[in-house]
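For the protein sequence lines, the chains are A and B, in the order given.
Under the working numbering, the residues of the first sequence are numbered 541 to 793, in order.
Under the working numbering, the residues of the second sequence are numbered -18 to 371, in order.
Just so it is clear, CB atoms sit at the ideal spot from N, CA and C, and this is done for glycine as well.
Values in this document were obtained by computation on a predicted structure and should not be read as measured data.
Single-structure report; data block below.
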Amino acid sequence: MNTIAETRAKSLLYLEDVSVSFDGFKALNALSFVVEPGELRAIIGPNGAGKTTMMDIITGKTRPDTGKVLFEDTIDLTKKDEADIAQLGIGRKFQKPTVFESHTVWDNLELALNRDRGVFGTLFYRLTPEDKARIEEILDTVRLTHRAREYAANLSHGQKQWLEIGMLLAQEPKLLLVDEPVAGMTDAETVETAILLREIAKTRSVVVVEHDMGFIRDLGVKVTCLAEGSVLAEGSIDFVSSDPKVIENYLGR
Amino acid sequence: MISGFIFRALEGKIIVAIAMLLGIAALVPALNLLTAPDSALHIPTYAMSLFGKYLCYALLALALDLVWGYCGILSLGHGAFFALGGYAMGMYLMRQIGPRGVYGNPVLPDFMVFLNYKELPWFWYGMDWFVVAIAMVLLVPGLLAFVFGWFAFRSRVNGVYLSIITQAMTYALMLAFFRNDMGFGGNNGLTDFKDILGFQVQADGTRAVLFALSAIVLALCLLISSAIVRSKFGKVLVGVRDAESRVRFLGFRVENIKLFTFVVSAMMAGIAGALFVPQVGIINPGEFAPANSIEIVVWTAVGGRGTLIGPIIGAVLVNAGKSFFTGAFPEFWLYALGSLFIFVTLFLPRGIVGTVQHGFKAREAMKAATDAENGRADVGTVAQTVQAAE
Ligand SMILES: Nc1ncnc2c1ncn2[C@@H]1O[C@H](COP(=O)(O)OP(=O)(O)OP(=O)(O)O)[C@@H](O)[C@H]1O
Ligand SMILES: [Mg+2]
């Protein structure tokens, strides 16, 4: 059995006893959660379990009342803001797809590219052949090459989700947090997305929040079930879905 | 690097607009100075100065478009930056009067003698040098915008709240400048200017040069603005306007992006004020009135925000309308302005230029569609153009 110190040292993301409440309501309640480098993790749990709130805390949008949030064992994320955390290498896809609708698909990716993000760096930025190649590669990965020159507003819902995932890839993050990527997707798109995420997870850690159990099964990875702000069960999908507490709190509903 | 930045700015419409402004800069003064007063082509000096005033307003609207149209910051305080630039120029012009004032004091402007000032307040030092005055035209509005923006953007004041505090800012400045002991001429402001760089302010030649300068500076600022909005930075700006949190989570410092744009815009507004003052011959605290800042928003909305050229057209058209109304039916102007704003908000939300641009795109899409029916274009392009126009 690993000691806590060893677990922490090996981790990419480490949450310990994280609590946060909104107007007295405990959205997270002593939540502990560890992601290892290169891991693909699925998170399930009923509405209001605190899944999105957990991502808010990791990405600096919300500050926890108590608890530790560490990145690569040494970096205290509770001291940093959204831009810092993004630059550290944590990318985030929102629950509601958020892309720049009045820009083309190409420009969306160009903006997301992990380059100088300062005022002057962007004012005088020029597309280099390497950047061009990288954008083309991402377009190919998220299957949007044929729509590169169109406004993002004209994409289908599923394509917007993919574009947002593409933007995260352009950020070249070490950790990707993906909130409900297949909500509103067709079955075929859902299957494709599972393949896409598995592909992405080959080179970085990915945490996926999803309600779609079929999709979670397709991913075939370790699952964490949250309820009322803390971990209810953790393990393989079969293990978690046969846990009586999970059935009572989530699956049985 | 710089050349690439500027080159990118030169897109079709912008080239045309800049060429037109430069043409106006040459033609209008020529028709004023070189034609006989009874010639059909003659442009009287008062008309030239009036048009020059519109060009300053156009620059002010362009400045607002940069922050509002592209970055989503609805500033209801841009009149303050304009007025500060105007006051800086006014101070220079006051110092040029020298002993020719009513009281004949070689150093103190008339209002200071009248108010029993014994010596020049420290902040008037150096303002008799044109270079210093021009530096202040840029620095004072820029610094105010920097300090204001530093606090507002860092504490993430957004939307209506930001608009309200910008209104409060200009209102507070108005009250301050109304006070006699502020040292800016109080109620009456600064006026009775004599000359600028040794040239008589009232002379036709000087007025012609001021007019030409207004048009040229407007063209230059249009070029710079276009370079900004067409750079990657400009795309980030639009991103901030449409999905601020997405920009943040991509790792951009939204507060710096807003601050830079706000400061650049405030400086442009200051330049507009500095060009305005010698042409109208006066600057007083009324320029800080909150209603003035709201009018700028109307010009920008009428012309089409987020188009750069639209606000310029909007400012000229609305102010030409204002000159006409205040001459012909003075009591109706405010109603006309109010109705115009409501009309534009309801029926032309994109403004004049925005609507025309949109119409063009839609027509192109239609044409592509008919072409396709005749088998001249492949379906893919049609779909793309149709969607682009939607
Ligand atoms: N900023 C906030 N202010 C107040 N309450 C909040 C805030 N953010 C989250 N909450 C509350 O915290 C609880 C947890 O919300 P959260 O969005 O994390 O749930 P979730 O697990 O993502 O649910 P879903 O599956 O519906 O997306 C909810 O009851 C929500 O109303
Ligand atoms: Mg959620």
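Cβ neighbours of residue i in the same chain (closer than 6 Å, five flanking residues each side left out)
i                         : result
glutamine 365 of chain B  : At glutamine 365 of chain B, the pLDDT of 45 sits below 50, so the modelled position is not reliable; the number obtained from the coordinates is stated separately. Taken in chain order, the list of residues that qualify is empty.
valine 780 of chain A     : Val763, Cys765, Ala773 and Val786
methionine 75 of chain B  : Pro90 and Leu171
valine 639 of chain A     : Asn648, Ala692, Lys700, Leu703 and Glu704
isoleucine -13 of chain B : Ala208
serine 246 of chain B     : Ala44, Leu47 and Val48
leucine 2 of chain B      : Ala196, Leu199 and Ala200
glycine 53 of chain B     : Arg222
Status (buried if at least 16 other CB within 10 Å, exposed otherwise) for residue i
i                            : result
asparagine 648 of chain A    : buried
alanine 116 of chain B       : exposed
glutamine 260 of chain B     : buried
phenylalanine 573 of chain A : buried
alanine 61 of chain B        : buried
tyrosine 27 of chain B       : exposed
glycine 588 of chain A       : exposed
glutamate 622 of chain A     : buried
alanine 7 of chain B         : exposed
leucine 327 of chain B       : exposed
phenylalanine 313 of chain B : exposed
arginine 357 of chain B      : Any answer about arginine 357 of chain B is weak, because its pLDDT of 46 lies below 50 and its placement is not dependable; what the coordinates show is given next. Result: exposed.
arginine 687 of chain A      : buried
proline 604 of chain A       : buried
tryptophan 110 of chain B    : exposed
glutamate 268 of chain B     : buried
serine 406 of chain B        : Because chain B here runs from -18 to 371, residue 406 of chain B falls outside it and cannot be looked at.
tyrosine 51 of chain B       : buried
lysine 672 of chain A        : exposed
Start-to-end residues for the alpha helix (DSSP H) that takes in residue i
i                            : result
tyrosine 665 of chain A      : Where tyrosine 665 of chain A is concerned, there is no enclosing alpha helix (DSSP H), given that its DSSP letter is neither H nor E.
asparagine 569 of chain A    : Unbroken run through asparagine 569 of chain A is the beta strand (DSSP E), 565 to 575; no alpha helix (DSSP H).
leucine 143 of chain B       : 140 to 159
aspartate 778 of chain A     : 777 to 781
arginine 548 of chain A      : 544 to 550
leucine 12 of chain B        : -7 to 14
leucine 553 of chain A       : Counting along the chain, leucine 553 of chain A falls outside any alpha helix (DSSP H), though it belongs to the beta strand (DSSP E) covering 553 to 562.
isoleucine 290 of chain B    : 290 to 309
asparagine 86 of chain B     : Where asparagine 86 of chain B is concerned, there is no enclosing alpha helix (DSSP H), given that its DSSP letter is neither H nor E.
isoleucine 54 of chain B     : Counting along the chain, isoleucine 54 of chain B falls outside any alpha helix (DSSP H), and DSSP gives it neither H nor E.
lysine 619 of chain A        : From DSSP, lysine 619 of chain A is part of no alpha helix (DSSP H); its letter is neither H nor E.
aspartate 91 of chain B      : 91 to 95
alanine 317 of chain B       : 314 to 328
tryptophan 280 of chain B    : 271 to 284
threonine 733 of chain A     : 727 to 740
leucine 120 of chain B       : 111 to 135
glycine 600 of chain A       : Note, glycine 600 of chain A: premise wrong, no alpha helix (DSSP H); not H, not E.
phenylalanine 380 of chain B : Because chain B spans -18 through 371 in this model, residue 380 of chain B falls outside it and cannot be assessed.
Ligand 3 heavy atom lying under 7 Å from the CB of residue i
i                        : result
threonine 592 of chain A : This structure lacks ligand 3; its bound ligands are ligand 1 and ligand 2.
Start-to-end residues for the beta strand (DSSP E) that takes in residue i
i                        : result
valine 748 of chain A    : 745 to 749
alanine 767 of chain A   : 763 to 767
aspartate 613 of chain A : Unbroken run through aspartate 613 of chain A: none, as it is neither H nor E.
8 Å CB neighbourhood of residue i in its chain, flanking five on each side removed
i                            : result
phenylalanine 104 of chain B : Gly164
arginine 227 of chain B      : Gly220
glutamate 690 of chain A     : Thr644 and Val645
serine 798 of chain A        : Because chain A in this structure spans residues 541 to 793, residue 798 of chain A falls outside the shown range and cannot be described.
lysine 566 of chain A        : Ser559, Val560, Glu768 and Gly769
arginine 744 of chain A      : Gly578, Pro713, Lys714, Leu715 and Leu716
glutamate 546 of chain A     : none
glycine 361 of chain B       : Legend: pLDDT at glycine 361 of chain B = 41, less than 50; position of this residue unreliable, value from coordinates given subsequently. Answer for glycine 361 of chain B: no residue qualifies.
Contact set for residue i: own chain, Cβ-Cβ below 7 Å, skip 5 residues either direction
i                            : result
glycine 107 of chain B       : Val113
tyrosine 98 of chain B       : Leu89
serine 551 of chain A        : Val574, Val575, Glu576 and Asp613
asparagine 300 of chain B    : Tyr35 and Tyr38
phenylalanine 159 of chain B : Gly167, Asn168 and Pro266
asparagine 161 of chain B    : Leu96 and Gly167
In DSSP terms, what residue i is bridged to
i                        : result
glycine 631 of chain A   : A/Leu716
aspartate 176 of chain B : B/Gln181
tyrosine 790 of chain A  : None; tyrosine 790 of chain A has no bridge partner.
arginine 581 of chain A  : A/Val747
leucine 171 of chain B   : B/Ile264
tyrosine 691 of chain A  : A/Thr644
threonine 606 of chain A : A/Ser559
serine 770 of chain A    : A/Ala767
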